[in-house]
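Every number in my numbering is 1 more than the matching position in the sequence shown, counting from 1. The beta carbon of each residue, even a glycine, is placed where N, CA and C say it ideally should be.
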Amino acid sequence: MFISHDLNVVKHLSQRTAVMYLGKIVEVAPTKLLNTKAAHPYTQALLASRPSLNPADRRRPKPLQGDVPSPLNPPLGCHFHPRCPEAMERCKTETPRHIKLEDRHFVNCHLYDD
Numbered sequence: 002m003f004i005s006h007d008l009n010v011v012k013h014l015s016q017r018t019a020v021m022y023l024g025k026i027v028e029v030a031p032t033k034l035l036n037t038k039a040a041h042p043y044t045q046a047l048l049a050s051r052p053s054l055n056p057a058d059r060r061r062p063k064p065l066q067g068d069v070p071s072p073l074n075p076p077l078g079c080h081f082h083p084r085c086p087e088a089m090e091r092c093k094t095e096t097p098r099h100i101k102l103e104d105r106h107f108v109n110c111h112l113y114d115d
C-alpha cells in the first residue's frame with residue numbers, strides 16, 4: 002500500500018488506486034483507467050488539480066468551492082455533497098452504495114445509481 006496526495010506519483014507507482022474523501026473510499030480502479038475515465042466528481046477534481054508536467058500547458062486548475070467539512074463531524078449522506086458540483090438532493094441524506102462500473106472499477110456515487 003502506498004498513500005499519497007500526488008496523483009502524478011501514484012500513476013507511476015501503482016497498478017490500482019483507491020481515492021478517499023474524509024476517510025471514505027469514493028472510487029477504486031486500475032490506475033491507468035482512473036486517469037482516463039474517473040467517475041466520481043472528487044476524483045475528477047483531484048485529477049484536474051494536478052499540475053501539468055508540460056511547461057507549455059497553460060491550463061489553470063479549478064479549485065473546489067467551499068470548505069472541507071470536519072472529518073470528526075462529516076455531513077450526512079455523501080460526505081462530498083457540500084463541495085460537489087453534481088450534488089443532488091438525495092446526496093444530502095443517503096449514503097451512496099458501492100457501484101460496479103466495469104471490471105475492477107467501482108464508485109460510490111448517486112450519479113451512477115439506477
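In angstroms, rounded to a whole number, what distance separates the CA positions of residue i and residue j?
{"i": "HIS6", "j": "VAL27", "result": "15 Å"}
{"i": "GLU117", "j": "LEU47", "result": "It is not possible to answer for residue 117, since the shown part of the chain is limited to 2 through 115."}
{"i": "VAL29", "j": "ASN36", "result": "11 Å"}
{"i": "THR44", "j": "VAL20", "result": "7 Å"}
What is the DSSP secondary structure of residue i, counted as helix, strand or coil?
{"i": "VAL27", "result": "strand"}
{"i": "VAL108", "result": "strand"}
{"i": "GLU95", "result": "coil"}
{"i": "GLU87", "result": "coil"}
Go ahead and label residue i buried or exposed: buried means 16 or more other beta carbons lie within 10 angstroms of its beta carbon, across all protein chains shown.
{"i": "ARG98", "result": "exposed"}
{"i": "THR94", "result": "exposed"}
{"i": "THR96", "result": "exposed"}
{"i": "HIS41", "result": "buried"}
{"i": "GLY24", "result": "exposed"}
{"i": "PHE3", "result": "exposed"}
{"i": "GLY78", "result": "buried"}
Under 8 Å by Cβ, that's how I've got residue i and residue j pegged, so tell me the actual separation to the nearest angstrom.
{"i": "LEU34", "j": "HIS106", "result": "6 Å"}
{"i": "ARG84", "j": "LEU65", "result": "5 Å"}
Span of the beta strand (DSSP E) holding residue i?
{"i": "HIS6", "result": "Premise fails: HIS6 is in no beta strand (DSSP E) and is neither H nor E."}
Quick one: give me the first and last residue of the alpha helix (DSSP H) that residue i is part of.
{"i": "THR18", "result": "It is not in any alpha helix (DSSP H) - THR18 instead sits in the beta strand (DSSP E) that spans 17-22."}
{"i": "LEU48", "result": "42-50"}
Consider the Cβ of residue i: report whether some Cβ of chain B lies at a distance smaller than 8 Å.
{"i": "ALA57", "result": "No chain B is present in this structure, which holds just one protein chain."}
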